[in-house]
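Down below is the structure, laid out as structure tokens.
In structure tokens form, the structure reads like this:
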């Protein structure tokens with residue numbers, strides 16, 4: 002750049018001797034190249050570096066995508082080749098269980114009915130499936146699965162004298178056989194996550210397939226739908242199906258109304274010593290209500306049950322709550338922890354077993 006002074010702008014007379022400055026203008030030759038005030042940046046090398054990094058990134062993504070595609074294909078091929086037979090059986094079986102459950106829940110209160118040929122005692126040696134869930138979970142497939150997964154152990158089947166498998170295993174151990182699991186594999190883009198699914202499938206094939214296959218051999222399906230928060234205060238709907246012939250065997254609604262009757266076996270079997278249990282026996286526990294439900298189910302099918310009068314129940318409750326002193330034990334009074342002998346009520350129970358009305362079920366046998 003050059004500073005130019007105009008002769009007309011030169012000082013005259015008493016004006017300052019220095020010339021007036023004017024704006025700098027680039028020389029024409031400078032316009033053909035880089036201005037002197039601009040910094041020197043290697044733009045072409047920066048562009049080359051950016052393109053190189055982009056190539057590395059997209060190359061890595063391509064290789065990872067190819068690995069993920071190969072792993073996905075491997076999982077789907079293994080699933081189809083090794084699990085196709087049990088997949089079809091499992092989905093058909095599960096759909097039938099869900100359909101029966103939703104149909105029962107949507108039908109309202111069931112009428113009291115059982116097949117005349119049905120005897121609960123005839124199920125003792127058979128393999129079965131047992132599902133218990135709340136009524137709000139029984140109206141959709143998602144709800145049935147949710148209720149099945151939340152199912153906990155109870156005493157109903159033990160009091161019936163049968164041992165069906167819990168339907169909880171049907172939903173927990175057979176998840177990998179459902180279309181939703183395969184959809185998850187198809188939609189998963191991450192290679193590492195697909196490796197986890199591949200390892201999970203290998204474990205399912207070695208551990209869960211035998212469990213599911215055993216559940217699919219069930220000969221009957223017992224369903225209990227709770228109409229309230231618990232089985233003590235609200236009724237339950239009970240259904241039973243024959244899985245071999247696809248027909249219903251029993252349907253009813255029952256209300257639990259039972260107590261457990263404590264019995265000291267050392268008073269009945271000479272020479273047997275039993276350690277005293279601390280506290281008062283719980284005569285109205287959950288097991289009492291479950292056994293009451295079981296007794297009413299047996300009564301519907303014609304199996305004999307024990308009926309205990311209300312007077313006997315009250316006497317047993319009072320005796321269980323009594324706390325005998327140590328001095329009384331020398332006089333023949335039962336020691337602490339024993340249930341004292343209760344006099345027979347004025348109106349005794351019938352000598353022949355009848356269906357329970359206001360009575361209760363006996364304590365279930367120890368497994």
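Residue numbers (my numbering): 2 to 368. Even for Gly, the Cβ is constructed at its ideal location relative to N, Cα and C.
The C-alpha of residue 189 is placed about 37 Å away from the C-alpha of residue 129. Counted as a single uninterrupted DSSP element, the stretch harbouring residue 249 is not any alpha helix (DSSP H) but the beta strand (DSSP E) occupying residues 248 to 255.
The Cβ neighbour count for residue 289, taken over all protein chains shown within 10 Å, is at least 16; the residue is labelled buried.
Its Cα nearest to that of residue 179, the residue 94 stands out among 294, 69, 94 and 59. Straight-line measurement puts the Cα of residue 160 at about 43 Å from the Cα of residue 82.
Per the C-alpha coordinates, the member of 223, 54 and 191 positioned closest to residue 71 is 191. Residue 222 is bridged by DSSP to 130 and 242.
Inter-segment contact for the stretch 93 to 111 and the stretch 194 to 208 is absent: fewer than three beta-carbon pairs are separated by less than 8 Å. Of 123, 53 and 175, the smallest CA-CA separation from residue 216 is found for 175. DSSP lists 227 as the beta-bridge partner residues of residue 135. In the assembly as shown, residue 165 is a buried residue. Its beta-carbon has 16 or more other beta-carbons within 10 Å.
Secondary structure at residue 108: coil, using DSSP grouped into helix, strand and coil. 126 is the residue among 300, 170, 126 and 136 whose C-alpha sits nearest the C-alpha of residue 221. The beta carbon of residue 137 lies closer than 8 Å to those of 144 in the same chain, with the five residues before and after it left out. The three-state secondary structure of residue 151, taken from DSSP, is coil. When only Cα atoms are considered, residue 219 and residue 114 end up about 23 Å apart.
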